[in-house]
Every structure is written in C-alpha cells, then in structure tokens.
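A.B. asks: Okay, handing you the structure first.
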Amino acid sequence: MLRLMQTIRRFEERASADYLAGKIYGVVHCYIGEEAVAVGVCGALNRDDQIISTHRGHGHCIAKGADLNRMMAELYGRETGYCKGKGGSMHSADFGVGMLGANGIVAGGISIVTGAGLAAQMEGKKRVAVSFFGDGASNAGPFHESLNIAASWKLPMIYVCENNLYAAQTSAQATHAMKDVAGRAAGYGIPGVIVDGNDIFAVHEATVKAVERARAGDGPTLIECKTYRWRAHTERPGQPDYRPKEEIEAWKKSDPIQRLVNHLKGQQGQFSDDEWKKMDEEVLAAIERSVAFSEASAFPKPQAALEDIFAD
Ligand SMILES: Cc1ncc(C[n+]2csc(CCOP(=O)(O)OP(=O)(O)O)c2C)c(N)n1
Ligand SMILES: [Mg+2]
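The structure is reproduced here in structure tokens:
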C-alpha cells in the first residue's frame, strides 16, 4: 500500500511538471495528500470489484491496478493511452481491473457506478461497486438519487466521499448546512461513517466492513474520508488559491505517506531507511519508464477523431 501511495504521488509530481512544461494537454487535477483514501479503499477490494472515479482520478486508477504506461500516455495524448490519447487526464478507464473511468462531470460517476452495483446484483455476482466523489459532488442530484435507490434496493455499493473541505475555491462550509457529509446517510437509512482519510488503516478498516455488508446483501454504506489536497484545484498556472496558508501547512503535517512510513519504521526491524529509499527509487524508475513509453508513442491520427464515437 505504501508503494502504491508513493506511486500516485510521484506520478502526479511528474504529470504536474510535464503539464507546466507544455508536454501534457488539457487539465490535470492532482490528488497529492489524499492518497490514503484511494489505496486504503482499493486495498479492501477484489480485482473484479468495480470503482468509478472523478476529475481527480489518477490515484483511483493507480490504486485499482491500472497500467502506468497507458495512463501516462493518455495524459501525453498518445495513441497508446487508455483512451487512445483522446481523453486525457480526466478519462482513464480500465475495465480489466474494474476501473470504470474517471469523469469530468462532477457527480456524474455516482449514478453510473450505482448502475454497476445494480448489474452485480442482477447477475447474482458477489462483486461490489465503489463510487469515489468529492464534498462538492455530494451536493449534486446524482448523489441523493443514487443513495436513495441503492439503499431501497440494497445494492452492493460503497459511497466514498473524499471531503477535502473545498469544491474548487468554495469552502464546504459555505455549501453544506451540515458539518459532516456522512450525516446525510441517515436520510437514506444506511450507515454513514466518518474516518480520518489520511490514516490508511482507518480507511481500510471502514471499507472492509462496508464491503462485508455489501457482499452480504445488506446494502450500501457511505464513508466520509476527511482529507485535504496539497496542491491548487488544477495545475493551471496563476489560478487563485484562496485557502489559508496555515491550513495547507497544518494538513501537510498529517501526510498520509509519512504517517505510514513512521508506522512501519516503528515496527521493530520491519522497515529501514534504506528500504524506503530503494522503494522510492523503484517507483521513480517506473514513472520514468512511463514517460519514455509515452514519448516514444505516436499521437493519434486525425481520422481517429471520427472513431470510437456513438454517432456519426
Ligand atoms: C457538473 C459540473 N459542474 C461543475 C464542474 C466544474 N468543476 C470541476 S471540479 C469542481 C469542484 C468539485 O469539488 P469536489 O466534488 O469537492 O471535488 P474535489 O475537486 O475537491 O476533489 C467543479 C465545480 C464540472 N466539472 N462539472
Ligand atoms: Mg472537494
């Protein structure tokens, strides 16, 4: 799990640098600071369990086992990318590992993946489906409609709210009358759980319980993970970041990766500085390979714009 969290962080550090260098197109939203949520949740899932992501989706993709080369190539707009270079950062998907897609429409994924939960139930499969979404998305219609139907039909769903306190520049306090998103679960008759989203053990444990409940046919759980993004809303240079500097610094002290490293080092003889350094080097080498793979790949041909579309 530590390796996966570090992979997310290093992948995004590189994606951000390459975006600012003009090598990556579109927009890039970084997940840095929130890694324990994706990795803690996906660590409690099987390969055939399905997830859906958001506009901030690199972490979910990596945590569910997506291929770094194809992810980076998608950001680089190359034909070897997950969407043949036509989707970019917000549209990686890999059905083979149960990653149904990132999504540029805030809250759009919540109802789609609830359909995946319904499919699992109708097929009589023991799969579960997981929706990742933000605090901002929890104010949108699809959140409420999906929780209502999933609770009524006892769908094998887990709704994971990544409450990073902001939707773009807007504080959650300005748009929620309730302090906690998890409190909304009561309105749908399902459990609502609050966890420290920077504590991978807490996230994992809450997910294990929610998965058991979903597989047993008892219906959905809403898990609210309190977390924080370290970087601005997107990587666009010059955009305002109205968040207080002290707040950002305080959350950085609760770095989910450092917390896990400290924990592992505290386990006698289990994890040394050298091992951590070696792991980080291996992660960086994998990111470097993904960039080399992307740079060696071709851009899609112009006629590719007319392929893979539903109407012509
Ligand atoms: C339907 C829709 N409305 C508005 C936007 C513009 N937008 C992109 S991200 C975002 C904020 C989302 O906040 P939140 O759900 O908390 O996720 P976070 O970015 O904090 O991870 C907004 C308003 C959008 N992409 N889609
Ligand atoms: Mg948010």
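If you're matching positions, the sequence shown starts at 1314 in this note's numbering and goes up one per residue. Note that beta-carbon positions come from the ideal geometry of N, C-alpha and C, so glycine has one too.
Is the beta carbon of Asp-1448 within less than 7 angstroms of some heavy atom of ligand 2?
C.D. replies: Yes - ligand 2 has a heavy atom lying nearer than 7 angstroms to the Cβ of Asp-1448.
A.B. asks: Take Tyr-1479 as the anchor and find which of Met-1470, Val-1494, Ala-1334 has the nearest alpha-carbon.
C.D. replies: Comparing Cα positions, the closest option is Val-1494.
A.B. asks: Leu-1413: which of Gly-1421, Ser-1402, Lys-1492, Val-1426 sits nearest, CA to CA?
C.D. replies: Considering only alpha carbons, the answer is Val-1426.
A.B. asks: State the beta-bridge partners of Gln-1363 as determined by DSSP.
C.D. replies: Beta-bridge pairing links Gln-1363 to Ala-1442.
A.B. asks: Look at Ala-1432 and Pro-1533 and say whether their C-beta atoms are less than 8 angstroms apart.
C.D. replies: Going by C-beta atoms, Ala-1432 is not nearer than 8 angstroms to Pro-1533.
A.B. asks: What number of angstroms, rounded off, separates the C-alpha of Val-1341 from the C-alpha of Arg-1572?
C.D. replies: Approximately 26 angstroms between the Cα atoms of the pair.
A.B. asks: Residues in its own chain within less than 6 angstroms of Met-1318 by CB, not counting five upstream and five downstream?
C.D. replies: Contacts found: Glu-1348, Val-1352, Ile-1570.
A.B. asks: Starting from Thr-1320, trace the alpha helix (DSSP H) both ways and give me its first and last residue.
C.D. replies: Where Thr-1320 is concerned, the enclosing alpha helix (DSSP H) stretches over 1315 to 1333.
A.B. asks: Kindly list the residues whose CB is nearer than 8 angstroms to the CB of Glu-1628, restricted to its own chain and excluding five residues on each side of it in sequence; keep chain order.
C.D. replies: With the chain running from 1314 to 1625 in the structure shown, residue 1628 is simply not present.
A.B. asks: Taking buried to mean at least 16 other C-beta atoms within 10 Å of its own C-beta, is Ser-1366 buried or exposed?
C.D. replies: When all chains shown are included, Ser-1366 counts as buried.
A.B. asks: Helix, strand or coil for Glu-1475, going by three-state DSSP, please let me know.
C.D. replies: Strand.
A.B. asks: Among Asn-1382, Gly-1437, Tyr-1555, which one has its Cα closest to the Cα of Thr-1320?
C.D. replies: It is Asn-1382 whose Cα lies nearest to the Cα of Thr-1320.
A.B. asks: For Ile-1345 and Arg-1542, which I take to be in contact (beta-carbon distance under 8 angstroms), what is that distance rounded to the nearest angstrom?
C.D. replies: Yes, they are in contact, since the Cβ atoms of Ile-1345 and Arg-1542 sit about 7 angstroms apart, within 8 angstroms.
A.B. asks: Would you identify the three-state DSSP class for Ile-1425, choosing helix, strand or coil?
C.D. replies: Reduced to three states, the DSSP call for Ile-1425 is helix.
A.B. asks: Where Glu-1475 and Gly-1551 are concerned, what is the direct C-alpha to C-alpha distance, given to the nearest angstrom?
C.D. replies: Roughly 25 angstroms separates the two Cα atoms.
A.B. asks: Between which residues of its own chain and His-1546 is the CB-CB distance below 6 angstroms, once the five residues before and five after are set aside?
C.D. replies: Excluding residues within five positions, the ones whose Cβ falls inside 6 angstroms are Ala-1481.
A.B. asks: Rounding to the nearest angstrom, what Cα-Cα distance links Pro-1455 and Leu-1468 in this structure?
C.D. replies: Distance between the alpha carbons of Pro-1455 and Leu-1468: 16 angstroms.
A.B. asks: Here's the rule: buried if 16 or more other CB atoms are within 10 angstroms of the residue's CB, otherwise exposed. What is Phe-1408?
C.D. replies: Phe-1408 is exposed by the Cβ-count criterion.
A.B. asks: Our contact map puts Phe-1612 next to Gly-1390 with C-beta atoms below 8 angstroms; I'd like the distance itself, whole angstroms only.
C.D. replies: That belief holds up - the Cβ atoms of Phe-1612 and Gly-1390 are roughly 6 angstroms apart, short of 8 angstroms.
A.B. asks: Helix, strand or coil, according to DSSP, for Ala-1480 in the structure here?
C.D. replies: Correct three-state label for Ala-1480: strand.
A.B. asks: Applying the 10 Å Cβ sphere with the 16-neighbour rule, what's the burial state of Thr-1488?
C.D. replies: By the 10 Å Cβ count, Thr-1488 comes out exposed.
A.B. asks: In the DSSP assignment, the beta strand (DSSP E) including Asp-1509 goes from what residue to what residue?
C.D. replies: Start and end: 1505 to 1509.
A.B. asks: Near Arg-1440, what residues of its chain come up, given a Cβ to Cβ distance below 6 angstroms and the 5 sequence neighbours on each side ignored?
C.D. replies: Closer than 6 angstroms at Cβ, skipping near neighbours: Asp-1361, Asp-1362, Ala-1433.
A.B. asks: Hey, out of Ala-1563, Glu-1525, Asn-1477, whose CA is closest to Val-1350's CA?
C.D. replies: Selected option, being the one with the closest Cα: Asn-1477.
A.B. asks: Would you mind sorting Ser-1444 into buried or exposed? The rule is 16 or more other CB atoms within 10 Å of its CB.
C.D. replies: Buried is the call here.
A.B. asks: Cutting at 8 angstroms between CB atoms, please list the residues of its own chain near Leu-1333, excluding the five before and the five after it.
C.D. replies: Excluding sequence neighbours, Leu-1333 sits near Glu-1548, Pro-1550.
A.B. asks: In the DSSP assignment, find the unbroken alpha helix (DSSP H) run with Leu-1358 in it and report its ends.
C.D. replies: Note, Leu-1358: premise wrong, no alpha helix (DSSP H); not H, not E.
A.B. asks: Is Asp-1586 helix, strand or coil by DSSP?
C.D. replies: DSSP places Asp-1586 in helix when its eight states are reduced to three.
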